[in-house]
Amino acid sequence: MKIENRALGIGATLGVIKTDKFKNNYFALNFLLPLNDENIAKCNVLSSVLLRGTSKHPSVSSMSKHIGMLYDPSFEVSATKTSSSLVFKIGAYYLENDFLPKEEKMDVFSEITAFMFEILKEPFLGNGEFSSFYTESEKKHQIDKIKAKINNKDSYALSRANTLMLGNIPAACESLGTEEEVNAITPGSLYKMLVYILQKCPLEAVFAGRFTVKTEETVLKFISALLNGRKEEDLIPVADCIKPSFDGKVKDIKEDICATQGRMVMGFSMPDTGEKTANTEVFNEIFGGSAVSRLFTNVRERLQLCYYCASAQNLSLNVMYVRSGINRDKVDIAKEEIMRQLDLLKNPQNISESELSAAKLGIVSNYNAICDSVVRYASWYINRRISGKHTDVERCIEEINKVSAEDVSEIANGAALTITYFLNCIEG
Numbered sequence: 131m132k133i134e135n136r137a138l139g140i141g142a143t144l145g146v147i148k149t150d151k152f153k154n155n156y157f158a159l160n161f162l163l164p165l166n167d168e169n170i171a172k173c174n175v176l177s178s179v180l181l182r183g184t185s186k187h188p189s190v191s192s193m194s195k196h197i198g199m200l201y202d203p204s205f206e207v208s209a210t211k212t213s214s215s216l217v218f219k220i221g222a223y224y225l226e227n228d229f230l231p232k233e234e235k236m237d238v239f240s241e242i243t244a245f246m247f248e249i250l251k252e253p254f255l256g257n258g259e260f261s262s263f264y265t266e267s268e269k270k271h272q273i274d275k276i277k278a279k280i281n282n283k284d285s286y287a288l289s290r291a292n293t294l295m296l297g298n299i300p301a302a303c304e305s306l307g308t309e310e311e312v313n314a315i316t317p318g319s320l321y322k323m324l325v326y327i328l329q330k331c332p333l334e335a336v337f338a339g340r341f342t343v344k345t346e347e348t349v350l351k352f353i354s355a356l357l358n359g360r361k362e363e364d365l366i367p368v369a370d371c372i373k374p375s376f377d378g379k380v381k382d383i384k385e386d387i388c389a390t391q392g393r394m395v396m397g398f399s400m401p402d403t404g405e406k407t408a409n410t411e412v413f414n415e416i417f418g419g420s421a422v423s424r425l426f427t428n429v430r431e432r433l434q435l436c437y438y439c440a441s442a443q444n445l446s447l448n449v450m451y452v453r454s455g456i457n458r459d460k461v462d463i464a465k466e467e468i469m470r471q472l473d474l475l476k477n478p479q480n481i482s483e484s485e486l487s488a489a490k491l492g493i494v495s496n497y498n499a500i501c502d503s504v505v506r507y508a509s510w511y512i513n514r515r516i517s518g519k520h521t522d523v524e525r526c527i528e529e530i531n532k533v534s535a536e537d538v539s540e541i542a543n544g545a546a547l548t549i550t551y552f553l554n555c556i557e558g
């Protein structure tokens with residue numbers, strides 16, 4: 131796949147991933163907002179309200195009928211927290227014109243962008259603000275989601291550990307916002323958020339698929355119309371990623387919850403390798419990132435200390451989390467074994483060539499899978515752009531294949547335990 135990046139002015143950039151492999155194309159607008167609880171709450175509610183109706187299609191059924199007439203593309207409006215920014219996205223996955231019935235003369239992509247424009251610039255309003263009924267309804271749904279987070283004990287434990295570990299930096303914000311911020315939303319403040327996004331927030335647009343001259347004309351015309359009226363001096367800068375700082379003290383925190391199984395999350399600070407993340411990726415794959423990792427084969431399978439045990443890294447924040455489902459009587463011995471496996475990786479002689487090769491093969495396979503979907507590739511591309519990393523999959527694969535056992539051990543030696551969080555199961 132060939133990638134082209136171009137600056138469009140007034141805070142907008144277009145990334146084009148050219149490929150003829152697929153019958154469907156993908157196009158998305160990604161607006162970047164500062165990461166805070168208020169923006170997260172508003173954008174989550176806004177993403178739902180925008181899909182309730184437009185001025186021309188004022189109900190969900192009317193919108194659905196219109197979408198069906200466009201050969202049923204998949205539309206998405208969402209708000210996603212990254213390590214540095216809040217991404218407000220509207221995207222569509224649709225059928226390329228070449229694969230429509232021969233008698234069909236519709237330009238699907240032109241219709242898609244026209245509907246995106248309608249959603250963002252011509253939403254269903256009353257008295258210059260969003261519908262009170264739609265707003266209150268989606269606020270309730272959002273609060274229900276926030277309250278329901280505790281029902282998924284795995285993600286809840288990780289979220290709590292993340293907040294406790296990262297402290298006051300933006301990345302520690304709750305991914306769905308807080309009940310207080312959601313309750314404070316009004317139809318007027320929600321509409322002001324939409325105006326703020328369109329007028330002031332940097333835009334990363336991405337197109338993946340068959341990019342023709344006609345497609346290019348449609349994209350540029352659409353973005354120009356959408357951003358009409360923006361002023362350079364009003365634009366906010368793209369936020370830098372604020373990384374956590376640690377004082378060397380290890381937090382040990384336990385919270386009780388009614389559940390049949392406890393959850394332990396161990397948070398580690400990791401070496402800052404900048405854009406060269408391959409060493410950390412291979413380390414994580416060997417340590418706990420796969421079904422043949424040290425944690426899975428030893429902590430879970432051989433010693434049977436927990437129901438699951440795996441690690442995952444955040445390459446932007448330089449942190450790693452080891453997650454496990456575990457009974458309270460196995461916590462200390464499991465923690466000891468996890469740290470023992472980490473210590474073993476600090477010596478490159480303890481890493482076999484077959485283990486290293488298997489880890490690389492697994493990661494390379496995942497990178498190759500990115501190219502099997504225009505949606506997956508576009509999402510990966512945007513995440514890399516936001517985090518300031520290169521967007522060349524082949525280069526990523528080359529970097530992975532160059533990692534040595536010594537490189538893995540260097541990462542292991544730089545890993546430092548920062549927090550142990552245990553969600554203790556008690557009888558209800």
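When you read off a place in the sequence shown, starting at 1, and then add 130, the result is the number in the working numbering. Ideal placement from N, C-alpha and C gives every residue a C-beta, glycine not left out. Because the structure is a prediction, the values reported are computed rather than measured.
Residue i - partner residues in DSSP beta bridges
i           : result
residue 281 : Note: residue 281 sits in no beta bridge, so no partner.
residue 339 : 148
residue 386 : 554
residue 444 : 449
residue 381 : 549
residue 334 : 143 and 160
residue 184 : 253
residue 438 : 455
Element boundaries [beta strand (DSSP E), containing residue i]
i           : result
residue 451 : 449-456
residue 162 : 154-163
residue 135 : 132-139
residue 393 : 392-399
Cβ distance (whole Å) where residue i is taken to contact residue j below 8 Å
i           : j           : result
residue 436 : residue 454 : 4 Å
residue 549 : residue 294 : 6 Å
residue 395 : residue 326 : Residue 395 to residue 326, Cβ: 35 Å. No contact.
residue 492 : residue 415 : 6 Å
residue 292 : residue 302 : 7 Å
residue 475 : residue 542 : 4 Å
residue 242 : residue 200 : 7 Å
residue 265 : residue 179 : 6 Å
residue 411 : residue 530 : 7 Å
residue 320 : residue 356 : The Cβ separation is near 19 Å, so there is no contact.
Outcome for residue i when other beta-carbon atoms lying within 10 angstroms are tallied against a minimum of 16
i           : result
residue 236 : exposed
residue 468 : buried
residue 213 : buried
residue 146 : buried
residue 417 : buried
residue 341 : buried
residue 177 : buried
residue 537 : buried
residue 278 : exposed
residue 221 : buried
residue 390 : exposed
residue 464 : buried
residue 556 : exposed
residue 231 : exposed
residue 523 : buried
residue 317 : buried
residue 534 : exposed
residue 311 : buried
residue 586 : Any answer about residue 586 is impossible in this case: the structure gives the chain only from 131 up to 558.
residue 352 : buried
residue 546 : exposed
residue 261 : buried
residue 558 : Annotation note: pLDDT 49 at residue 558 (below 50); position unreliable, no value reported.
Where the alpha helix (DSSP H) through residue i begins and ends
i           : result
residue 345 : 343-356
residue 490 : 483-500
residue 318 : 317-330
residue 410 : 408-417
residue 469 : 461-474
residue 177 : 167-179
residue 513 : 504-516
residue 622 : No answer is possible for residue 622: it lies beyond the span of the chain, which begins at 131 and ends at 558.
residue 530 : 523-531
residue 298 : Looking at the DSSP string, residue 298 is not in any alpha helix (DSSP H), and its letter there is neither H nor E.
residue 304 : That residue, residue 304, is in no alpha helix (DSSP H); it is neither H nor E in DSSP.
Residue i: CB within 6 Å of a non-hydrogen atom of the ligand GDP
i           : result
residue 449 : In the structure on display, the ligand GDP does not appear, and there are no ligands present to speak of.
Hey, which unbroken runs of the beta strand (DSSP E) at 3 residues or more fall wholly within the stretch 194-277? The qualifying runs are 204-211 and 216-225.
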